[in-house]
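One point on numbering: in full-length UniProt numbering, the residue at position 100 of the sequence shown is 100, and numbering is uninterrupted. A virtual CB, placed ideally from N, CA and C, is assigned to each residue, including glycine. Quick caveat, the model's predicted, so the values are computed rather than measured. Okay, so here's the structure we're looking at.
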Amino acid sequence: MQIEIILNGKKVALDVKNNEYLADSLRTYGVFSVRKGCDTTCCGLCTVWIEEKPVLSCAVLSIRANGKNITTMEGLQKEAEEFAQVLVSEGSEQCGFCSPGFIMTVLAMKRELKNPTEEEIVHYLTGNLCRCTGYLGQLRAIKKYLGVA
1 MQIEIILNGK KVALDVKNNE YLADSLRTYG VFSVRKGCDT TCCGLCTVWI EEKPVLSCAV
61 LSIRANGKNI TTMEGLQKEA EEFAQVLVSE GSEQCGFCSP GFIMTVLAMK RELKNPTEEE
121 IVHYLTGNLC RCTGYLGQLR AIKKYLGVA
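Right under this line is the structure:
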């Protein structure tokens, strides 16, 4: 079946199967920042925004996205690069496999929370897993990026 979405500001038609998940549909379309790493909806690698809210695209049937605004890291390149520079300056970049989903979550947090506490930051990031780090460097970078360090 065919669905239409607004992908990063552009109207797009996707051919999807009835039981296909949005993460798979987006990757088939060539959106390679959307990754899958767990198949259990607990790693955050597949995070995209639907109607400006972060969601795990591996848990959303593509048909449910019909007619909706979908934002991926490709649609937020300037903001993503700004945060990535802070990650690098704080020495908290790692292998990069989890970075797209992690960055999408941090950018959503910046829009949603004003002057978050460390507790609120950690809570917001629950579900974003990184296999390379102990998260302290990333937390430091997030606080700096949000201006709450």
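query, result
"Could you have a look at Glu4 and say whether DSSP puts it in helix, strand or coil?", "strand"
"Using a 10 Å radius around the Cβ and a threshold of 16 neighbouring Cβ atoms, would you call Leu83 buried or exposed?", "Looking at the sequence shown, residue 83 is not Leu but Phe. Looking at its Cβ environment, which holds 16 or more other Cβ atoms inside 10 Å, Phe83 is buried."
"Which parts of the region 74-126 are runs of the alpha helix (DSSP H), unbroken and 4 residues or longer, counting only runs that do not cross its ends?", "77-89, 99-112 and 118-124"
"Could you tell me which residues DSSP pairs with Leu14 in its beta bridges?", "Ile3"
"Apart from the five residues on each side of it in sequence, which residues of its chain come closer than 6 Å, Cβ to Cβ, to Tyr145?", "Phe83 and Val86"
"When the Cα atoms are used, what is the spatial distance from Ala41 to Leu56?", "As written in the sequence, residue 41 is Thr, which differs from the Ala given in the question. For Thr41 and Leu56, the distance between alpha carbons rounds to 7 Å."
"Anyone know if the C-beta pair for Cys46 and Val34 falls short of 7 Å?", "yes"
"Below 8 Å on the Cβ atoms is my guess for residue 151 versus Asn8; work out the distance and round it to an integer in Å.", "Residue 151 lies beyond the residue range present for the chain, which begins at 1 and ends at 149; the question has no answer from this structure."
"Measuring CB to CB, does Val48 end up less than 7 Å from Thr28?", "no"
"For Thr105, count neighbouring Cβ atoms within 10 angstroms of its own Cβ and tell me buried if that reaches 16, exposed if not.", "buried"
"Starting from Leu56, trace the beta strand (DSSP E) in both directions and tell me its first and last residue.", "Lys53 to Leu56"
"Could you compute how far the alpha carbon of residue 185 sits from the alpha carbon of Ser89?", "This structure leaves residue 185 out entirely; the chain is present only between 1 and 149."
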